[in-house]
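First the structure, in the form of structure tokens, and then the observations on it.
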Amino acid sequence: MNNFASEIYGVLFILTCIILVYTSYTDVKKRTINSFIFLPVIALGAWFNVANGAPLFFAVIGILIFLATYLNTSLVIYPIIGVAFLAVSLYYIAGGEFAYGFTSLVMSLMFLIGFQERLFGIGDVKAMVALFFSFTEFPFTTPLITPIQIELAKVMPLSIVMLFNIAIVSLFFIPYLVILNRRKGSSIGLHSVTSVDYDEKTYSRNMAKFSLMDTPSGKVMVYKTPFMISVSVGFIITMLAGFWFVLL
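Numbering-wise, the sequence shown is residues 118 to 365 according to the numbering used here.
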């Protein structure tokens, strides 16, 4: 990494941390994320990738995937565009650009998962696409990021370990959701491990924190997880500890 690219990366890391703290807070309080807040991350990430010698295709497809997240996720064309991104990524992987091609593949999969927002909110998808695209190298070394990790990062994209860390952090939310659900269910009726009976008064006061789901026995309320916390913590773990599992 040359000095100019290193300076951009430093600014990018600080800016990203500030944005992640803010979006985690708004996600917890309101379950909403500003649609445009990750635009500076994408812009600086593109600048860094170009300055650092990344293939032009990677900068272009990363920006296109991010911009495509502004589409209505219920459109029929949404998954078609996602499959097109996947095809381009596979083409570049086959052409020998494994690290960048695979990162594009992961971003494409995240984009597809955003279809109809059944698993993640589109704000979460924007965040992950921005992080996977912008952080392709360690911004600094730490006692946990050993020479072995630095060499490993040359063949295994950081997007993989970042996604892994985000998934691990998300698992810790399961006991929290079960406990929270039992607390809510004790007063309005527990429907399942992850849902409670529909209560109009509770829902009207907490519409941002619950989603409604139809079941054969009627409507139930499912608590929305503030997923940005998992994204933020997973990102920080990756930047500080990298491929930490190789140290075990």
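Where a beta carbon is used, it is the ideal one built from N, C-alpha and C, also for glycine.
Note that the structure is predicted; figures quoted are calculated from it, not measured.
Burial state of residue i (16 or more Cβ within 10 Å)
i: Phe-352; result: buried
i: Gln-233; result: exposed
i: Leu-248; result: buried
i: Phe-121; result: exposed
i: Leu-137; result: buried
i: Phe-250; result: buried
i: Tyr-217; result: buried
i: Phe-252; result: buried
i: Asn-282; result: buried
i: Ser-141; result: buried
i: Ala-362; result: Position check: residue 362 holds Phe in this sequence, whereas Ala was assumed. Its Cβ having fewer than 16 others within 10 Å, Phe-362 is exposed.
i: Leu-129; result: buried
Contacts around residue i, its chain only, beta-carbon distance under 8 angstroms, and the 5 residues preceding and following it disregarded
i: Asn-119; result: Ala-168, Asn-169
i: Asn-189; result: Tyr-195
Closest by C-alpha distance to residue i, when choosing among the options
i: Ile-159; options: Ile-182, Ser-347, Thr-140, Thr-149; result: Ile-182
i: Tyr-208; options: Ile-198, Ser-221, Ile-197, Pro-196; result: Ser-221
i: Phe-257; options: Leu-357, Phe-155, Asp-144, Leu-184; result: Leu-357
i: Met-279; options: Ile-194, Ala-163, Phe-255, Ile-197; result: Phe-255
i: Thr-149; options: Leu-184, Met-345, Phe-362, Trp-361; result: Met-345
i: Phe-289; options: Gly-212, Val-242, Pro-343, Tyr-126; result: Pro-343
i: Ser-349; options: Phe-215, Phe-362, Ile-131; result: Ile-131
i: Leu-184; options: Val-242, Ser-191, Gly-213; result: Val-242
i: Thr-259; options: Thr-253, Ile-267, Phe-250; result: Ile-267
i: Gly-238; options: Leu-129, Ser-191, Ala-211; result: Ser-191
i: Ile-265; options: Phe-360, Thr-140, Ile-194; result: Phe-360
i: Met-224; options: Ile-194, Trp-164, Val-246; result: Val-246
i: Leu-261; options: Ile-354, Thr-186, Asn-166, Tyr-142; result: Ile-354
i: Ile-194; options: Asn-282, Asn-166, Thr-133, Phe-228; result: Phe-228
i: Glu-124; options: Lys-147, Leu-161, Val-145, Lys-146; result: Leu-161
i: Val-177; options: Tyr-187, Thr-186, Ala-163, Asn-189; result: Ala-163
i: Leu-389; options: Lys-336, Pro-292, Ser-287; result: Here the chain covers residues 118 to 365 and nothing more, so residue 389 does not appear.
i: Ala-101; options: Phe-215, Leu-188, Thr-186; result: Limits of the chain in this structure are 118 at one end and 365 at the other, which puts residue 101 out of reach.
i: Ser-347; options: Thr-263, Lys-336, Ala-244; result: Ala-244
Proximity test, Cβ basis, 8 angstroms: residue i and chain E
i: Leu-137; result: Absent from the structure: chain E. Only one protein chain is present.
Contact set for residue i: own chain, Cβ-Cβ below 7 angstroms, skip 5 residues either direction
i: Ile-135; result: none
i: Gly-127; result: Pro-256
i: Phe-174; result: Tyr-209
i: Phe-219; result: Ile-210, Pro-274
Residue i: first and last residue of the uninterrupted alpha helix (DSSP H) it sits in
i: Val-200; result: 194 to 211
i: Thr-190; result: Unbroken run through Thr-190: none, as it is neither H nor E.
i: Asn-151; result: From DSSP, Asn-151 is part of no alpha helix (DSSP H); its letter is neither H nor E.
i: Met-227; result: 215 to 230
i: Lys-69; result: Past the boundaries of the shown model lies residue 69; the chain is included only from 118 to 365, so the question cannot be answered.
i: Leu-261; result: Note, Leu-261: premise wrong, no alpha helix (DSSP H); not H, not E.
i: Phe-281; result: 275 to 288
i: Thr-355; result: 344 to 358
i: Leu-173; result: 173 to 185
Proximity test, residue i beta-carbon vs the ligand ZN heavy atom, cut-off 7 angstroms
i: Thr-149; result: In terms of ligand content, the structure shown is empty, and the ligand ZN therefore cannot be addressed.
Neighbourhood of residue i by C-beta distance below 6 angstroms, restricted to the same chain and skipping five residues each side
i: Ile-394; result: Outside the displayed range of the chain (118 to 365) lies residue 394, so it cannot be described from this structure.
i: Ser-276; result: Thr-220, Val-223, Phe-249
i: Gly-240; result: Ile-150
i: Val-145; result: Pro-343
Cβ pair count under 8 angstroms reaching 3, the stretch 197 to 208 against the stretch 265 to 273: no
The stretch 188 to 198 touching the stretch 139 to 158, judged by at least three CB pairs closer than 8 angstroms: no
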